[in-house]
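Beneath this line is the structure, given in structure tokens, with notes to follow.
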Amino acid sequence: MTNSLKVLQACALTVGLLWAVSAPAQEKKGDSVTVTGCLAKGDQAGEYSITGDDGKTYGLKSTTVKLDSHLGHKVTVTGTISKLENPTKEEAKTGKAEAGDVSVSNLTMVSTTCP
Numbered sequence: 026m027t028n029s030l031k032v033l034q035a036c037a038l039t040v041g042l043l044w045a046v047s048a049p050a051q052e053k054k055g056d057s058v059t060v061t062g063c064l065a066k067g068d069q070a071g072e073y074s075i076t077g078d079d080g081k082t083y084g085l086k087s088t089t090v091k092l093d094s095h096l097g098h099k100v101t102v103t104g105t106i107s108k109l110e111n112p113t114k115e116e117a118k119t120g121k122a123e124a125g126d127v128s129v130s131n132l133t134m135v136s137t138t139c140p
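Under our numbering, the first residue of the sequence shown carries the number 26, and numbering increases by one thereafter.
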């Protein structure tokens, strides 16, 4: 009986650890984020947007990186999350929800074209 209890405890511990490792991390304001995708004009003046491979769309702004010279290019941007969004039910349904705004500190061009 003691061996069965130890095996059960070991299984429970393993499942708990696997769940914790596989759970996606929640982003928060001030976190650093890196996103690769196609750079596009944003929905506000002076704002740009990018949708990453994970499907999350971010609004981008920068005072140090010239984003407009990379419109339509596939790029990798790194920056700090300056604002998180809580999408409406309609935005979540249509997939048009913005994950948040990123203050871009670095940009690397991957390709001059977007797929």
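We put the beta carbon where it would ideally sit given N, CA and C, even for glycine.
To the nearest whole angstrom, what separates the beta carbons of residue i and residue j, a pair I think is in contact under 8 Å?
i: L132; j: V90; result: 5 Å
To the nearest angstrom, how far is it from the Cα of residue i to the Cα of residue j?
i: S94; j: S87; result: 12 Å
i: V58; j: G71; result: 20 Å
i: T138; j: T101; result: 13 Å
i: L92; j: S130; result: 11 Å
i: E123; j: M134; result: 22 Å
i: G80; j: S128; result: 19 Å
Pull the bridge partners of residue i from the DSSP assignment, please.
i: C63; result: K99
i: S74; result: A65 and G84
i: S136; result: K99
i: G55; result: BP columns for G55 are empty, so no partner.
i: S130; result: Answer by DSSP bridge pairing: none, since S130 is not bridged.
For residue i, which residues from the same chain have a beta carbon less than 6 Å from its beta carbon, with the 5 sequence-adjacent residues on both sides left out?
i: T76; result: G62 and T82
i: S136; result: K99
i: P140; result: none
i: K108; result: G125 and D126
Taking 7 Å as the limit between beta carbons, can you name the residues of its chain near residue i, skipping five residues before and five after?
i: D68; result: none
i: G144; result: What is shown of the chain runs 26 to 140, which leaves residue 144 out entirely.
Within the same chain, show all residues whose beta-carbon is closer than 8 Å to that of residue i, passing over the 5 residues directly before and after it, in chain order.
i: L96; result: L64, A65, K66 and Y73
i: D78; result: T61 and G62
Buried or exposed for residue i, going by 16 or more other Cβ atoms inside 10 Å?
i: G104; result: buried
i: D126; result: buried
i: G84; result: buried
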